[in-house]
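Structure, as structure tokens:
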Amino acid sequence: MLHEQIKDNIKGAMLAKNLVLLETLRAMVAGFTNELVSKNRKPNELLSDADALAVINRLARQRKDSIEQYKKGNRQDLVKEEEAQLAILETYLPKLMERSEIEKIAKDKKEELGINEATKKGALMQALMKDLKGKADGGIVKEVVDGLF
1 MLHEQIKDNI KGAMLAKNLV LLETLRAMVA GFTNELVSKN RKPNELLSDA DALAVINRLA
61 RQRKDSIEQY KKGNRQDLVK EEEAQLAILE TYLPKLMERS EIEKIAKDKK EELGINEATK
121 KGALMQALMK DLKGKADGGI VKEVVDGLF
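In UniProt numbering, the protein residues as written are 1 to 149.
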């Protein structure tokens with residue numbers, strides 16, 4: 001299980017004295033504990049891989065938002081730290097689809113649903129996100145859908 005694997009990796013990070021890895025792994029475990037508590041489960045239980053991936057995805061999005069904000073604030077020191085943590089988080093996430101793959105699926109789904117009006121764009125987006133959940137970046141999917149109309 002992913003949750004167990006990450007807990008075990010903490011020991012290795014401590015022994016290697018890799019502070020960025022250790023901090024990131026601890027943030028993941030804290031996120032897992034918060035998720036368990038929010039679902040009225042005991043904090044010492046283990047999350048399913050799907051729930052663990054959802055938490056890691058949330059943490060990765062938070063890092064991306066932070067990077068954006070720190071760049072606006074001209075804080076390169078903090079940008080580097082967040083980017084290092086994001087890189088570690090992404091090693092635990094499945095590889096996301098390329099834009100070209102998303103474009104092909106979006107075109108096929110548009111034809112399948114018979115959508116040819118920009119007013120139905122939301123329905124297409126919803127159908128695509130249902131199919132591509134966890135496989136594609138929502139921002140890229142939105143750009144692709146906007147480009148189709």
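Yeah, the Cβ is synthetic: ideal placement off N, Cα and C, and Gly gets one too.
Only a predicted model underlies this, so the values are computations on that prediction, with no experimental measurement involved.
Enclosing alpha helix (DSSP H) for residue 92 [first to last residue]: It is not in any alpha helix (DSSP H) - residue 92 carries neither H nor E in the DSSP assignment.
Cβ distance (whole Å) where residue 79 is taken to contact residue 67 below 8 Å: Contact check for residue 79 and residue 67: beta-carbon distance about 6 Å, within the 8 Å limit, so the pair qualifies.
Per-residue DSSP class, three states only, for residue 25: In the structure shown, residue 25 falls within a helical segment according to DSSP collapsed to helix, strand and coil.
Residue range of the unbroken alpha helix (DSSP H) whose run includes residue 133: Where residue 133 is concerned, there is no enclosing alpha helix (DSSP H), given that its DSSP letter is neither H nor E.
CA-to-CA distance, residue 64 to residue 7, given in whole angstroms: Their backbone Cα atoms lie some 24 Å apart in a straight line.
Environment of residue 126 [buried if 16+ CB atoms lie within 10 Å]: Its Cβ having fewer than 16 others within 10 Å, residue 126 is exposed.
Cβ pair residue 132, residue 106 closer than 7 Å: No, these two residues do not count as a Cβ contact at 7 Å.
Contiguous beta strand (DSSP E) assignments of at least 3 residues, all confined to the region 46-132: Entirely contained in the region 46-132, not one beta strand (DSSP E) run reaches 3 residues.
Residue 110 vs residue 124 beta-carbon contact at 7 Å: At the C-beta level, residue 110 and residue 124 come within 7 Å of one another.
Top-ranked residue by Cα proximity to residue 86, from 10, 9, 23, 17: The shortest CA-to-CA distance from residue 86 to any of 10, 9, 23, 17 is the one to 23.
Sub-7 Å separation of residue 136 and residue 102 beta-carbons: The answer is yes: Cβ separation under 7 Å.
Same chain, Cβ closer than 8 Å to residue 20, five either side skipped, listed in chain order: Excluding residues up to 5 positions away in sequence, 81, 84, 85, 88 lie with their Cβ nearer than 8 Å to the Cβ of residue 20 in the same chain.
Cutoff 7 Å; reference residue 13; Cβ partners in own chain excluding five residues on either side: Taken in chain order, the residues that qualify are 21, 22, 25.
Presumed contact (8 Å Cβ cut-off) between residue 121 and residue 149, rounded CB distance: Indeed, because the Cβ distance is near 6 Å, the residues count as touching under 8 Å.
Residue 1 - DSSP class collapsed to helix/strand/coil: Here residue 1 sits in coil by DSSP.
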